[in-house]
Every structure is written in structure tokens, then in C-alpha cells.
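Asker: Let me begin by handing over the structure; questions about it come next.
Protein chains: 2
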Amino acid sequence: MTHPLQPILEPRSVAVIGSSSNPRKRGYQAVRALLDARYEGEIHPVNPSGGELLGLAVATSVDALAATPDLALVCTPAESVPAVLESCARRGIPGAVVLAVGFRESGAAGAALEDQIMNIARRTGIRVVGPNTSGILNTTIGLNLVGVRDVPKGRLAIVSQSGNVGLALMLQAAARSQGVSVYVGVGNETDVAIHEYLDYLGSADHTSAILMYIEGFQKGERFIEVARRVSLQKPIALLKGGRSGGGDAAARSHTGAIAGSALVLRSALKAAGVHLVERSDELLAIGETLASQPPVRSGSGVVVLSDGGGYATLAADLLSEQGVKMASLSEATRTVLRSLLGRAASVDNPVDVAGAGDQNPEVFARAIETIFADPATGGVLMAGLFGGYAIRFSEELAAVESEAATTIAAVAARARLPLVVQSLYATAHSEPLRRLGRASVPVVESLETAAACIKAAYERGVFLSGAAIRVRPSPPAPRGEEPVTIAKAREERRVALNEVEARSLAVESGVEVAPASFCETAEEVGAAIERTRAPVAIKVVSPSILHKSEAGGVALDVKDAREGAAAFRHVVESATAYARDRGISPDILGVLVVPMLPMPVAELIVGARRDPQFGPVITVGAGGVAVELLGDAALRPLPISVEDALDMLGDLRLAPVLSGYRGQPSASKDALVEVMLGVAKCFLANPQLSELELNPVFAYEERATAVDVRGLLLDVGSLSAS
Amino acid sequence: MTHPLQPILEPRSVAVIGSSSNPRKRGYQAVRALLDARYEGEIHPVNPSGGELLGLAVATSVDALAATPDLALVCTPAESVPAVLESCARRGIPGAVVLAVGFRESGAAGAALEDQIMNIARRTGIRVVGPNTSGILNTTIGLNLVGVRDVPKGRLAIVSQSGNVGLALMLQAAARSQGVSVYVGVGNETDVAIHEYLDYLGSADHTSAILMYIEGFQKGERFIEVARRVSLQKPIALLKGGRSGGGDAAARSHTGAIAGSALVLRSALKAAGVHLVERSDELLAIGETLASQPPVRSGSGVVVLSDGGGYATLAADLLSEQGVKMASLSEATRTVLRSLLGRAASVDNPVDVAGAGDQNPEVFARAIETIFADPATGGVLMAGLFGGYAIRFSEELAAVESEAATTIAAVAARARLPLVVQSLYATAHSEPLRRLGRASVPVVESLETAAACIKAAYERGVFLSGAAIRVRPSPPAPRGEEPVTIAKAREERRVALNEVEARSLAVESGVEVAPASFCETAEEVGAAIERTRAPVAIKVVSPSILHKSEAGGVALDVKDAREGAAAFRHVVESATAYARDRGISPDILGVLVVPMLPMPVAELIVGARRDPQFGPVITVGAGGVAVELLGDAALRPLPISVEDALDMLGDLRLAPVLSGYRGQPSASKDALVEVMLGVAKCFLANPQLSELELNPVFAYEERATAVDVRGLLLDVGSLSAS
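From first to last, the protein sequence lines stand for chains A and B.
Position in the first sequence counted from 1, then plus 109, gives you my numbering.
Position in the second sequence counted from 1, then plus 109, gives you my numbering.
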């Protein structure tokens, strides 16, 4: 089946609009680059002057073209672009790449111009890449609309929101002779959006792995949807720029404070199977590893093979710190390694040949063979001098070392397990390293980068084995009629539900909420206390007061009707004064009388909200002021399964407390999961909610109880707009 | 003044013991390497066969040498080394470098051999480098005892516990033409220890900065002492290997659990002014930066100058995430930059020239001039294509770009502020980048490494400005006589003080401890409760029960004498059963009756202990089970000043709670500091203590009170040994 973007990324013919005979202009360079790259399709320069350019006939206009090309490369300045696109669309050209700058990124006039482009695309159906793009590249057909030279063919696709990050990757690829299939500079994404490129690359035979540099998502939910599907077929590695700008956590909610946008982003991408890369200088090597190496075998671990203790130690540190399982080699394997490597070697993982290779680098081949034969081995990181023995010690070793490289690559390929090689001599491009490279074994100079590469293969293995056994739940349909509580709040044009309303919504979805009596007078409070026969807490109910404690709207440990009457007056007065000081209407409806609960095993927060980029997400976090500051929270896009909820609880640093810490009782995880699923259900069933927060949730040995519930609605304006 | 290691690291003559005419043997290669490096001193090969080697007369023995050399390079196998060292010592040779392997690292026989070496060194005074060392290098006099070629002269010294990490650094230095002054492979450190090399390098004129790779310290306290002194003169950057092995936290103490050895190490090194490097692949570039660039001006910030949004964004992310202050450029500076760089540029920090350099790389020179002229600028990170404009766009730009490089380097030098350049074309070694290199401006390919380099210069600035105003307190003298409590415990051969004893020690040093009555009977408990007239807690007192709550040895909220008698019986019985179940003597002395305290603003732990490597250290951490799990703690070597204590509190993630979080009251930092200084005083005054822990400390608005105090003594064996 043809992908909608195929004419753009695999065009059979390209018109270069605004071609030029001036070698310093992009309209010349573009034609030159296509010829140099031996583009397989037809090239049609277009310039009003006509004539000939580099042996090609120049058409005087789009209309004058003899045939309709698949793609137009628009090299003309920003102001001319709308007219050019109109003519392209009229001619029936399916796609255009617009290089010009001077659009949204440069102010209001540019933004207006960009809106014109968007409208033309929408109206006519022409698909537009850019504007403000560094161009696209498809090495499989010699399509070079970027101008960068000598990018070798390969199976790694690159999609970048930044031209210089993209350029850097292609320069590195050329320097390392690593192959690229497709490069896309997405530019301003006026029309074609990132997730569409991802969708195309997911279906394209020429690509084994996809590398992305992204600063922001315009349609995060769509991206996640596509990524979730593509990542089951092909690895996606992504570096997110713009991390420091994450100060947008909604200040009015605790959930927002513990789960800022950076956490949403990372959680959503990880849940979709996207491998997050932390550094730009590791991006290419990780992409190369994911494109060329199989994942680490599920359930097994990584083996480090090094010459020299320092590198063995550092590599083991790096992998352990990052949660990569180190394989335990069998007794038999260790015995063979000992006889192979001698007394000075360390044959436990990390394996250190300790000089055994200095006289004979062939021991590496034999050690690798032995290690891959152990079923505990899921992948290997080889580190140290290999590739430089002939350089370091004696030219006489050259032939043996090259032979060893051939064997090493063959052994890894036969095992169908990943191998990454770090070499101090990586930049020397010695024959043994060239052989590894030709066999698609990643060779890198940095030990940390090598560790990041094998880690990527490891996490890919973990993801795929988890994905195989996990079914993603489908979201429940939103309920047909609006609940009375929500209808009432909207009628009153309120955004905040009061606690009584929020509680009733949560309870409807099966969440256990601490029992409470709503009272409007001191007498009712007294009666409620007598019914309860236990000390109670009294909490003010007002949709305009979100932080009750701060407002003095809570009284604890109230023991009888007399104390209850006093407490009632006190919380109402304090809350009124608090509201008055802030110039808001106190709007006090009454109080809730809640029995004092016994000390829980742990205090948690469970909340759901709508992320502007990624849609509904659920958060669970450690509760209490001090703990909230420490930011111990886990997050997932909704819907979630029972396994997801359990995973989230396991992700908390607080997890040991839930499992019974230092002889303390444990908390019921089943009960917590039920609360989380109840929140999820409630939130998805009521699309009018913008936030739902249970804080605190008291976790006990046998149950979990929400003590306080808050709900916020989307504001009326955004509701009617949506 | 001559440094004791000067004969070893600056020898005027070297005897090569075990020289050989076989080019594959180290005894040949060593002589060859000295000749190739044009060693300025005399070379004396020694081999029983005598004769001539590479034009040099070979002495038949150490005794047969015509003159006494400064240094012996011992190339003979392990077994022969003791005899060789004896002959060297007899001849009066001050130092020896022992290359052989086969000592402690290879088992018991090797360890015995190594002990012999140690004894010879101690007895005769000969100083021994190694064994199992990769050798030493001093480029300033052509001393090459490592055999690595082409290491350029420079001002960076390298000390490494791993031969291959050291080799990697020297290979990188050679590839980047960065200069090294001295390299020391410390080997097994049988005699000369790391801190001695550091001391030498601190005093040596040829070295501006010191780079270290360390896996473990044999004499951590001595190292810290030397580092503290040297770091005021020269930057020290250190990568610690073996981080993942940090599972040695003393399980019996909470302080141990929150402050494992990794935290001790990092805190001790940081307090001594050592810059901690996180990755081996950043070590050389950071060392180079510290050796060539001044620190970032104190109080000012870093400016990022980039071409292209992606790199600007990533660089700003990296610096902000790592706590590097970004400079706010003045209105005037921004106006000049705008006119220089045009409409598309971003003139706020990070500054993005956005293509303004494509036609004319000279704008970089003018932008840098403008940026350095702003007093807000403390240092610059330049990132992107610079050095590759001629390659990327047109050869015609080459001359302008080279000129710009010269100007850029000159401007930074004139400003006496640091400049680090990241270039996509770093590996192309273009003329502009070579010019920057010749002017000692670090040029690196990786953006993350470049950020780490400017961060190092920034932290150096912060450290020096802090060091200038901070006086390190001198430790108090240990008290003369032993306190009665400790004497009694030792008499009874106890390691644990009971709570009454520990409390009295803490109170003596001025720590505020919650008042308590020690009671031995139910009647005494009743009387104590009546005196207190408030609900109390009852806690069992037994030196053999360290975790009272776990043992059921605590009763809370006891209101009157009747409840008190019951609680007394209950805690005593529970604790007895607990001890019996664990096969230990219950040894119950009585109970403490403590008034229930009001809820504090925050709960903390303050503890001191003796680290086996770094001596006495103090820890403050967030308290409570859940928070302890999250590992929020700060640590310093003792003694500490008031500023240190305040810094420690500020380092806690809990810090905002202490300052009044979300309208809550704040805690008295003065009172907390007093508690910390009290613990420090008590611990230093009583060298018999191995641990002293206040847990919890309740922090209030006006005071801070220790609720529970525990003390452990060094065990009698280690006491009598010391």
C-alpha cells in the first residue's frame, strides 16, 4: 500500500522552483546536490528566465513543465511561497518542500504568511514540508535536498526539529561511515507533522530504526498513538530538547506540582516504547546500535569484556547504575575463560583479560565465543584496546587482530545477540575496527556512549518482552448524560466542584472514600458526631477554597458535640477571613464531618488531569508535604491496566514502604490499584473534568481510603470551543 | 625547596634495570622510548650481560654503575624485584619505578612479595612507584617511562590508578594536541601514595591543573588534607571508578543508611575543592579547560552563543539542569547584538545567530566581543558550526573564518574569562579551530562535554570565591579524661551506650534533648507522669535493643499513672520477647518517660560517624521512614563551621519546608545549626565514639529538640589497637 507521504519522501521527479545559475544560491546548489548524489528520478529546474542549468532544461514556470513532478523543492524567498504553492497545487503536484525562513519564527508578518501556507495546504491538499526546513534526504534513491555531502547509505532514519542537530548527526554518520536511509528536517511543521513522518518511516522497508530530535509536540497524543504502533516493529530513539523550560506545572494542584510536564513527556514516550536518549553526543551511536543490533535477550543480562581493570570497573558502574542487568556467567564459562586468559585475568563479569591480549589479541575472539555460548549472556560490551594492539605493541599483531575482528563479528551475528565495541583506538580506523564496522558492529570511542548503546539494546529487549504479554486496555466510552453534580456546577459557571460533589463522582466510580456527613449548622455537626461515636475532623466545604488547611478550614480530633459546635464556628470564621483577605467570595456551603482515621501505612496522592500535549494522564505519588517536595511520583497516559497501575506503584521510591519496611506492616496494593483504576474510570467517563485529585489516600493493610477529593472542570470557554 | 618526590619525577639520570636487546621486551622499549623522547638526563642500562644498547654502555649491575642515578626503572619480573630494590637502596638510589605485575593483584604469593617491597622501602628509605604501574612520564624533561608516543608537552598533569584509563587520556591528548606535563600510573601504591603525587604536583611549576582517576583511597583523610591545600592553588578534577560497589552502609544505623560511602566520598572531595567528573570521556576536556581557562567570574553567569536553535536550546538545558547560572545580558548588549545579527537572531542568552554566520563567520568575533564586554558575562560557551563554515558553505569564507578565530581567542584572553568552543567540525581540524587550539581555547565535538567544561570553570569560580571568605574551623582537642558514661560502658565491654548515657553525652555538648525521666518501676513511671501533667511516651532503655519501635518498646500518648503502669509492663514484656526471639540478652534497665511533643515543622536526623577512609563526618537528613527511603541527606567531614552547617541544611531537598512551605511556619535554622555543632563537638571531643545519632530531631519555629539519642563506641579491640 502506498503511504500518503511516499511521493514526498520517494519522489520519482523533483521540480526545483527558483533554480539559479549562481553557485552561491541555494537554487543552484540544490540542483548540483541532486546531480552529485545521482538522484534516480528526474530533475526539473524552474526559473522564469528559462534556458539550461548543469545540462538540464529550465522550465519558465510550473505550468510550463512538460510533466507533473511528484515533489516541488521551493527555493524562493518567503514572500513568494504562497503563490508558488498555489501554482504547484493547481498543477497537481502532490508535495512541496519549502526551505525559506522568515515565517512564524520571525514575528507577526511571518506568521501571517505561514497561515497562508497552511490554508493553501488545507484547501488544495498539497502536502507541505517546512517551511524553515533544512530539507530532506533519501539515500536509497539519491534524493539530496539538504546539500550535505557524503552521507553513506544505511538503515537509520533521522527526523529533526533542529537543522544543526540534524546536520551534526549526518556529519558524524559520514565520519563514522554509518549509514542513513532518510533524513527529514521538519521545519515549522505547518502542514506535515512529526507523527506523519514517523508513520511513514514505520512502514518503509528501507529503515530499521528511527532517530528523532524533538523540542516540542504540536500533537502529542497523535504522536504517542503512532509511536506505540511503530515501536512494536522498529526501535525509536528520541532526544528531547528544551527540558529546562518545564516550569509550567499547574500551581493550584498538588498533582501538578509533583508531575510537571517533563515527567508527563518522559512517561508518555516511555509507555509508547520510545527509547529516550539523554545526550546529543550519544544519539547517533544509539541509533546505529538499534538499527544494526538485535535486542538483548529477554531475561538475560549484559557481559562486559575489557582489557584492564579501569574500563571494566567503569563499564560495570555505568550499567549497574542505569539498571542494566549484568549476566552471571556459569562456572563452566569461567573455567574456560580462566584457562584462556590466565591467572591475572578476572573471569567474573566484568571479564578483564588483564594483558592477555597484549601478546595475542586472538584471545578476544575466543573469549567472546565462550561468553556468547553461555545462556546467561544476552549481549556483550567489549571495551579497551582492541583495534589498537598492533598500534600499541607491535605491527606483527596486525594480521591476528584483524582475523580476531572477523571472528568476533561472526560470533555475535551467529548468536543473534547485540555486541557493542568501545575502543581507545576508535578514531584510528584500524583494519580490525573497519572489519567490525563493515559487519555493522558499532564501534565507539567513549565508554559511556558504548554503555548507553548496549543499554538501549537491553531496554529494547525489556520493552518487547513486556509488550508481548501486555494488552492495552481500551478507554471506556464517556458516559452519555452529564452527572447532576457536574451539570449543577456548570450551571453555576463554577470550575471547581465542592468536596461533596467531587466525592460523589469518585464514589460512583467505585473509589473508597472516607465516610463523611455534610452539615450546614452546629447542631447538625453535633448530631453527626454523636452518630459517629469517634473523634472526627471537621472540614469546610466551599468551591472557592482549594487549600482548606491553609485557610484554617480544618479542625482535627473533635471529640463531642460541644467541641463540634466550637469547631464549626471556628473553621467557618477562619475560612471566611481567609477568603476575604484574598478578595474572593467565601461561598461557604457548610462542613464535612469525617471520623478521624487511624494512622495509615503510607500516605499517597492519586490524581488525573488532562495534559495539553498528551491528553489524560494519571499520577500516583508519595503524599505529605515533605515527601511531595522530594517529587516521588509515577505517571502514565490513560487508560491504564492493572499491570500499569502495579508498575506505577513499583516505580515509586516509596515502594518498599508499601511492601512493609523494617518490620512495619505492608499496604494492600490491590486496594491501591482499585483506587487508581477508579480514578481513571471516573476521569475518562467525565470528559468535563480537567482534574480529579485524591489527596491524601490512606493506604492500610487491607484497604485504601481517599480522605479528600477535589475536582476541577474544564472552564466553560474551552468546553464550548472543543 | 626540593620536594621529596622530585628525584623520581624529575630525575637527572635513570638506570634501566633489566635492559634488553630484544625489541619485543620492555627493557629494550624503555631505553628506546627515553631516547625517542629526547630525555634530557643520562640513561644507564643495566644487564648482567653488559655490552652496549642503542649506543649506550650497559652496566653489568647496579653496583657497577659509574655514578648513582636519581631513579631506577625496574623492568625485571616480580620475583627478582626485592633483590633489585635492595641493591638500589644499597647504592643510594633515591627512587624506583617497578613495572612488573604479579603482586597483590594476583593472590597470596604476590601479596607476600609486595610486603617485602614495602618493608624494603620502609627500612631503607628508597621510594617505590608501583609495582604494577604503567609507568611515569614527564614531558618537560623528556622522561618517558610509559612507552606511549607523541604526547605533547603541556600544563596538565594526570594521575591514574588504571593503566588503560591513563593510556586513553594520553592517546586523546595526542590526538587533540593537548599538552600533558606529567603522567603517573600509581600502580599498587605499595609505598608512594596518591596524596604524595598530588602534593608534588601542587608545588610543581610545570603543572596548572591535575586530572585524577581513582578507584579507592588507602589514606583518604591524608588525601583530603593535601587536596584541600592544593585546590586553593590549582584545579583538581577527579573521576571516581567503582561507584556501584557502594553497598557498605552500616545497616545498624539510620545515618549509615542515608549516607552510604558514595555520599561520604563525594562530600569529602567536594568540600576539599576537588571537581568531580562524571564520565571518563569528559575527563581530558575538563582537565584541559581547567588547565588553560580562568574560572568563571564570581557572581556572574555563563553565556551561550550558538548558530541554530537546537544547539542553543540543548546547551541552555544542560547548564540550567546542572545549576550553572546563565547570565542576563543587558539591554545595551542585546541592542548591539540585534543590529549585528539581524532579525532572525535570538539575542537573549542563549544567543542564537540563526544563520547570520552562514555568509560571514566574522559576526561570531563581533558577537563574542560584545558579549564579553557585558559585565554580566562570566564565561562563554560557543556552539555550532564555527570552524566549518568554509567546509559547509564556501571555501571563500576560509580566510574570514580564520581571522575570526584569532579575534575570538584574543577577546577571551583579554577579558581573562573562560571560553569553550563546541564545533560540529571539531574532528576536521580546520584552520580556524587549529588557531583556537594554539591559543589554548578548548575545542570539543560534543555539546554535553563542552557544557561540562564550562561548568567546571563555573564551579571553580564558585569554589574560589567561597574559599576566600571561609575559614575552616580547627577541630577541638579531645577531652582529657573519659566521661563517666563511656568509662562505664567500656568497663562492661559494651559497644552500645544506653539512651540515658547517650543523652547525657549530647546534653553535655549543648544539644537540646527532650526532657525525660528514667524509671525502673511502674510506680516511678506513675510518679513521673504526674509530675509531667501531659500525655507521655514510654520508651524501653536497653543497650542491646537499638530499634525500640520494632521491638515494641515504645508506648505513645500515655495519659495517667494507671495507663503508665500498664504501658510500662507492656513495653518491658514486648522488648523481652523481641530480644528472646533473636537470642540476645534483653538487658532491660528501665524506661524513659518523655512528654509527648507537639507536631514539629520538620523531622530530621543528625548523626556523626567515623568513615574508614575519610575520618569523622557529620550527616543531616530528612527524617521519618518514608523520607529516609528517599535519601535526602547532606554530609561534611568534621569539623564544620556555622556556614557549613547552613550549607548542609540548604542542600536538603527538604530545605523549603524549613523555610516555611506553602504558608506553613518555618523552622529555626539557628537552632538546627546549634544541634549540628553540638553533635560535632561531642563527637570530636569523644574519640571513643564510633557513632552518635539524634533521630528524630524535631525542628520548631523557635527551637530544635532531639527526641532520641543513640551512641556507639568503637569496639574494644579496635580501641586498644589504635
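No residue lacks a Cβ here, since even glycine has one placed at the ideal position from N, Cα and C.
#1: Assuming the contact rule is C-beta atoms closer than 8 Å, residue 455 of chain A and residue 421 of chain A should be a hit. Round their C-beta distance to whole Å, please.
#2: Could you round the C-beta distance between residue 598 of chain A and residue 822 of chain A to whole angstroms and report it? I think they count as a contact, below 8 Å.
#3: When you compare each of B/595, B/393, B/198 to residue 276 of chain B by their alpha carbons, which one comes out closest?
#4: Starting from residue 803 of chain B, trace the beta strand (DSSP E) both ways and give me its first and last residue.
#5: Determine the DSSP secondary structure at residue 184 of chain A, reduced to helix, strand or coil.
#6: Tell me which residue opens and which closes the beta strand (DSSP E) that residue 247 of chain A is part of.
#7: Can you find a CB in chain A that lies within less than 8 Å of the CB of residue 470 of chain B?
#8: With the cut-off set at 8 Å, would you say residue 729 of chain B and residue 620 of chain B are in Cβ contact?
#9: Among residues of its own chain, excluding the 5 on either side of residue 264 of chain B, which ones have a beta-carbon nearer than 8 Å to its beta-carbon?
#10: Should residue 55 of chain A go down as buried or exposed, given a rule of 16 or more other Cβ atoms within 10 Å for buried?
#11: Assuming residue 677 of chain B contacts residue 330 of chain B under a Cβ cut-off of 8 Å, what Cβ separation, rounded to an integer in Å, is found between them?
#12: Under 7 Å Cβ to Cβ from residue 387 of chain A, same chain only, skipping five residues before and after it: list those, please.
#13: What distance in whole Å lies between the Cβ atoms of residue 491 of chain A and residue 530 of chain A, which are believed to be in contact at a cut-off of 8 Å?
#14: Would you please state the rounded distance, in angstroms, between the beta carbons of residue 150 of chain B and residue 267 of chain B? I believe it to be under 8 Å.
#15: Between residue 774 of chain A and the rest of its own chain, which residues show a CB-CB distance below 7 Å, the 5 nearest in sequence each way excluded?
#16: Hey, does residue 814 of chain A have any beta-carbon neighbour from chain B nearer than 8 Å?
#17: Could you give the distance in angstroms between the alpha-carbon of residue 561 of chain B and the alpha-carbon of residue 432 of chain B?
#18: So, is the C-beta of residue 682 of chain B closer than 8 Å to a C-beta in chain A?
#19: Which two residues bound the contiguous alpha helix (DSSP H) that contains residue 158 of chain B?
#20: Please state whether the Cβ-Cβ distance between residue 203 of chain A and residue 152 of chain A is less than 8 Å.
#21: Go through the stretch 124 to 177 of chain B residue by residue and report every complete run of the alpha helix (DSSP H) that reaches 4 residues or more, in order.
#22: Starting from residue 444 of chain B and walking both ways along the alpha helix (DSSP H), at which residues does that stretch end?
#23: Can you have a look at residue 513 of chain A and say buried or exposed, based on whether 16 or more other CB atoms are within 10 angstroms of its CB?
#24: Please decide whether residue 558 of chain A counts as near chain B, where near means a Cβ-Cβ distance under 8 Å.
#25: So is residue 776 of chain A buried or exposed if we call it buried at 16+ other beta carbons inside 10 Å?
#26: Jot down the residue ranges of each uninterrupted beta strand (DSSP E) in the stretch 502 to 582 of chain A, minimum 3 residues, whole runs only, in chain order.
#27: Does any CB atom of chain A fall closer than 8 Å to the CB of residue 422 of chain B?
#28: Measuring alpha carbon to alpha carbon, tell me which of A/602, A/591, A/479, A/703 ends up nearest residue 608 of chain A.
#29: For residue 569 of chain A, collect the residues of the same chain with a Cβ closer than 8 Å to its Cβ; drop the 5 residues on either side in sequence, then sort them by chain order.
#30: Between the stretch 297 to 322 of chain A and chain B, which residues of the former have a C-beta closer than 9 Å to a C-beta of the latter?
#31: Report back the beta-carbon spacing between residue 309 of chain A and residue 182 of chain A to the nearest angstrom; my notes put them in contact at under 8 Å.
#32: Considering residue 212 of chain A, what are the terminal residues of the beta strand (DSSP E) in which it resides?
#33: Once DSSP output is grouped into helix, strand and coil, what is the label at residue 457 of chain B?
#34: To the nearest angstrom, report how far apart residue 535 of chain B and residue 191 of chain A are at their CA atoms.
#35: Residue 222 of chain B lies in the alpha helix (DSSP H); which residues open and close that run?
#36: What are the residues of the stretch 522 to 533 of chain B that lie near chain A, defined by any Cβ-Cβ distance shorter than 8 Å?
Answerer: Here's the rundown:
#1: Indeed, because the Cβ distance is near 7 Å, the residues count as touching under 8 Å.
#2: 6 Å
#3: B/393
#4: Segment 798 to 808, the beta strand (DSSP E) holding residue 803 of chain B.
#5: coil
#6: Looking at the DSSP string, the run of the beta strand (DSSP E) that includes residue 247 of chain A is 245 to 247.
#7: no
#8: no
#9: 288, 290, 315, 316, 317, 318, 400, 401
#10: Residue numbering for chain A in the displayed model covers 110 to 831; residue 55 of chain A lies beyond these limits and cannot be assessed.
#11: Going by Cβ atoms, the distance from residue 677 of chain B to residue 330 of chain B rounds to 46 Å, so no, they are not a contact pair.
#12: none
#13: 5 Å
#14: Not confirmed; about 21 Å, so no contact.
#15: 710, 810
#16: no
#17: 11 Å
#18: So, not an interface residue.
#19: Careful: residue 158 of chain B lies outside any alpha helix (DSSP H) and carries neither H nor E.
#20: no
#21: If we require 4 residues or more, the alpha helix (DSSP H) runs fully inside the stretch 124 to 177 of chain B come out as 135 to 145.
#22: Counting along the chain, the alpha helix (DSSP H) containing residue 444 of chain B begins and ends at 440 to 450.
#23: buried
#24: yes
#25: buried
#26: Complete beta strand (DSSP E) runs here, min 3: 528 to 532.
#27: yes
#28: A/703
#29: The beta carbon of residue 569 of chain A lies closer than 8 Å to those of 344, 384, 399, 404, 405 in the same chain, with the five residues before and after it left out.
#30: 322
#31: Contact flag wrong, Cβ pair sits at about 18 Å.
#32: Note, residue 212 of chain A: premise wrong, no beta strand (DSSP E); not H, not E.
#33: DSSP, read as helix, strand or coil, puts residue 457 of chain B in coil.
#34: One C-alpha to the other measures close to 40 Å.
#35: Boundaries of the alpha helix (DSSP H) around residue 222 of chain B: 217 to 233.
#36: 533
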